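Just so you know, the protein sequences line up as chains P and H, in that order. Read in the working numbering, the first sequence has 37 at position 37, and its numbers run on one by one without any break. Read in the working numbering, the second sequence has 99 at position 99, and its numbers run on one by one without any break.
Protein chains: 2
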Amino acid sequence: MPAPSHATEATRRAILDAAAELLAEAGAERLSIREVCARAGVTAPTVYHHFGDKDGLVLKVLEDSFTAFVQTVDALDKPQDPIEALARAWDGYVAYGVAHPMHYRIMFVRLAHTTPIPAATAAFQRLVDVVSAAEAEGLLVPPLEDACKAFWSAMHGVTSLIATGYLPPDAPASALVRDAVIAHITRPRDGARRPAKTKRSKP
Amino acid sequence: MPAPSHATEATRRAILDAAAELLAEAGAERLSIREVCARAGVTAPTVYHHFGDKDGLVLKVLEDSFTAFVQTVDALDKPQDPIEALARAWDGYVAYGVAHPMHYRIMFVRLAHTTPIPAATAAFQRLVDVVSAAEAEGLLVPPLEDACKAFWSAMHGVTSLIATGYLPPDAPASALVRDAVIAHITRPRDGARRPAKTKRSKP
DNA sequence: GGGGGGGCTGTAACAGCGTTATATTTTCCA
DNA sequence: TGGAAAATATAACGCTGTTACAGCCCCCCC
Numbered sequence: 001m002p003a004p005s006h007a008t009e010a011t012r013r014a015i016l017d018a019a020a021e022l023l024a025e026a027g028a029e030r031l032s033i034r035e036v037c038a039r040a041g042v043t044a045p046t047v048y049h050h051f052g053d054k055d056g057l058v059l060k061v062l063e064d065s066f067t068a069f070v071q072t073v074d075a076l077d078k079p080q081d082p083i084e085a086l087a088r089a090w091d092g093y094v095a096y097g098v099a100h101p102m103h104y105r106i107m108f109v110r111l112a113h114t115t116p117i118p119a120a121t122a123a124f125q126r127l128v129d130v131v132s133a134a135e136a137e138g139l140l141v142p143p144l145e146d147a148c149k150a151f152w153s154a155m156h157g158v159t160s161l162i163a164t165g166y167l168p169p170d171a172p173a174s175a176l177v178r179d180a181v182i183a184h185i186t187r188p189r190d191g192a193r194r195p196a197k198t199k200r201s202k203p
Numbered sequence: 001m002p003a004p005s006h007a008t009e010a011t012r013r014a015i016l017d018a019a020a021e022l023l024a025e026a027g028a029e030r031l032s033i034r035e036v037c038a039r040a041g042v043t044a045p046t047v048y049h050h051f052g053d054k055d056g057l058v059l060k061v062l063e064d065s066f067t068a069f070v071q072t073v074d075a076l077d078k079p080q081d082p083i084e085a086l087a088r089a090w091d092g093y094v095a096y097g098v099a100h101p102m103h104y105r106i107m108f109v110r111l112a113h114t115t116p117i118p119a120a121t122a123a124f125q126r127l128v129d130v131v132s133a134a135e136a137e138g139l140l141v142p143p144l145e146d147a148c149k150a151f152w153s154a155m156h157g158v159t160s161l162i163a164t165g166y167l168p169p170d171a172p173a174s175a176l177v178r179d180a181v182i183a184h185i186t187r188p189r190d191g192a193r194r195p196a197k198t199k200r201s202k203p
């Protein structure tokens with residue numbers, strides 16, 4: 001198996017880029033192989049030679065999306081305080097969904113864990129890590145697994161409603177749910193003051 | 001325009017039932033008009049005569065789903081205490097997603113409010129009502145709109161992860177997020193004790 | 001340098017899809 | 001009973017994903 005030449009690798013990338021672009025525009029079901037071919041300047045059998053079938057192509061695009069997602073998360077600065085780190089991770093997660101709504105929808109909704117994607121498990125590991133950091137300092141109330149799932153559920157709820165257009169990107173609901181979940185799965189550090197709830201002054 | 005005969009109404013129902021069944025089995029993109037026709041014992045133009053096109057058919061199925069959803073919610077008993085009513089509404093909402101995962105996914109994810117559905121706004125109104133009940137007794141902290149969106153976001157996050165198979169139906173995360181959000185958007189009634197967090201005894 | 005083999009790409013076709021123009025039957029009212 | 005309108009069927013169009021087949025081209029080895 002010789003190393004792939006530059007030309008063939010360029011073809012692969014052209015197809016993947018066209019597919020990713022089309023996926024973001026129209027969604028997975030409206031993505032057409034022929035349209036991908038037209039944009040990438042290749043013909044159908046080339047796509048099938050490289051990616052097997054349409055699902056294989058979409059899967060590879062999603063792998064790239066998950067990789068980019070992990071890189072986005074890793075690029076965030078990590079506050080020392082584990083609880084602040086949770087809030088930062090939340091905001092970073094939601095920001096990715098705001099920036100790439102269609103990809104987010106396909107990654108976390110349409111996919112529905114039919115095929116294991118390494119980058120996807122890596123992404124979930126980042127979540128476990130940031131929650132574990134709170135646990136390591138004795139700041140976690142429920143078991144780690146429950147806390148992770150609760151955190152992810154709430155985060156996903158906010159993000160998916162934004163990604164589908166039900167909520168505006170800057171909805172106060174995001175911070176509201178974020179603070180609620182963080183407050184509920186963590187205990188205040190000894191001697192530290194928990195940040196107050198966001199309140200509205202009522203005359 | 002004569003009233004539709006029993007026969008024609010029966011074919012409508014046969015088509016709708018077949019479509020709803022197929023939708024729950026395979027999802028919207030894999031629903032095929034021809035398969036619906038085969039199951040309902042009709043031919044394609046009949047479907048197009050009654051529902052316009054495939055989207056129209058799916059839309060009608062979703063209308064029925066939303067109506068059933070509202071009926072399910074309305075059938076729940078409503079505790080006097082607004083905060084307990086919030087928890088009950090949460091559980092009812094999640095239970096519907098558990099019972100009809102594919103329909104839930106299509107109703108709240110794929111649809112993405114492209115077309116207004118009266119029954120859908122009625123469903124949202126039920127949510128507003130139960131949150132308003134808490135506000136009416138002065139138990140709400142954030143503005144009503146923010147509280148509704150936060151409540152819905154968290155509820156949808158839990159439900160959609162269950163509906164897509166990421167979380168088991170009886171995940172403790174549901175109760176965890178539920179209690180977190182309710183605790184955060186409401187204030188304790190004077191003289192009432194807020195139910196304690198679920199804690200694990202640590203030796 | 002020249003075969004030659006194998007990965008890569010194009011041609012042309014198939015079955016299935018949503019959709020519709022047209023024709024035919026059925027139904028209901030005057 | 002006649003006739004109009006609603007309801008259904010036939011057959012076809014263009015599109016889709018997919019693939020058998022054939023040719024190209026690059027790279028390795030003699």
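Heads up, the beta-carbon is just placed ideally off N, CA and C, and yes, glycines get one too. Predicted model, so just to flag it, every value in this text is computed and none were measured.
Nearest to residue i by alpha carbon, out of the options?
i, options, result
"Q53 (chain P)", "P:A180, P:V130 and P:V36", "In the sequence under discussion, the amino acid at residue 53 (chain P) is Asp, which differs from the Gln named in the question. Among P:A180, P:V130 and P:V36, the Cα nearest to that of D53 (chain P) belongs to P:V36."
"H49 (chain H)", "H:E29, H:Q71, H:G165 and H:I15", "H:I15"
"S153 (chain H)", "H:I33, H:V94 and H:T115", "H:V94"
"R126 (chain P)", "P:T11, P:G92 and P:T46", "P:G92"
"E84 (chain P)", "P:L59, P:T67, P:A68 and P:A134", "P:A134"
"P169 (chain P)", "P:F124, P:R12, P:Q71 and P:A99", "P:A99"
"R13 (chain P)", "P:Q71, P:E29, P:V42 and P:P143", "P:V42"
"D74 (chain P)", "P:T8, P:F124 and P:L139", "P:F124"
"A51 (chain P)", "P:T8, P:S132 and P:T114", "The displayed chain sequence assigns Phe, not Ala, to residue 51 (chain P). Checked all of P:T8, P:S132 and P:T114; the closest Cα to F51 (chain P) is P:T8."
"P118 (chain P)", "P:S5, P:E63 and P:L31", "P:E63"
"S132 (chain H)", "H:L31, H:L86 and H:T72", "H:L86"
"D55 (chain H)", "H:T67, H:L31 and H:L167", "H:L31"
"Y166 (chain P)", "H:T115, H:L167, H:Y166 and H:P79", "H:T115"
Taking DSSP's pairing of strands, which residues face residue i in a bridge?
i, result
"T186 (chain P)", "P:L140"
By the DSSP assignment, the alpha helix (DSSP H) with residue i in it spans what residues?
i, result
"E84 (chain P)", "P82 to A99"
"P45 (chain H)", "A44 to F51"
"G56 (chain P)", "K54 to A75"
"R34 (chain P)", "I33 to A40"
"A24 (chain H)", "H6 to A26"
Check whether the Cβ atoms of residue i and residue j lie closer than 9 Å to each other.
i, j, result
"L176 (chain H)", "H156 (chain P)", "no"
"A136 (chain H)", "P82 (chain H)", "yes"
"V130 (chain P)", "A89 (chain P)", "yes"
"F206 (chain H)", "M107 (chain H)", "Summary: the structure shown does not reach residue 206 (chain H), with chain H confined to residues 1 through 203, and so no result is reported for it."
"A10 (chain P)", "R39 (chain P)", "no"
"A24 (chain H)", "I33 (chain H)", "no"
"A171 (chain P)", "V181 (chain P)", "no"
"A20 (chain P)", "E29 (chain H)", "no"
"V47 (chain H)", "L57 (chain H)", "yes"
"L144 (chain H)", "R189 (chain H)", "no"
Under 8 Å by Cβ, that's how I've got residue i and residue j pegged, so tell me the actual separation to the nearest angstrom.
i, j, result
"R105 (chain H)", "S65 (chain H)", "Wrong, their Cβ atoms sit about 11 Å apart, outside the cutoff."
"R187 (chain H)", "V141 (chain H)", "6 Å"
"A173 (chain P)", "A120 (chain H)", "At roughly 19 Å, the Cβ-Cβ gap does not stay under 8 Å, so A173 (chain P) and A120 (chain H) are not in contact."
"G97 (chain P)", "A163 (chain P)", "5 Å"
"V109 (chain P)", "V109 (chain H)", "5 Å"
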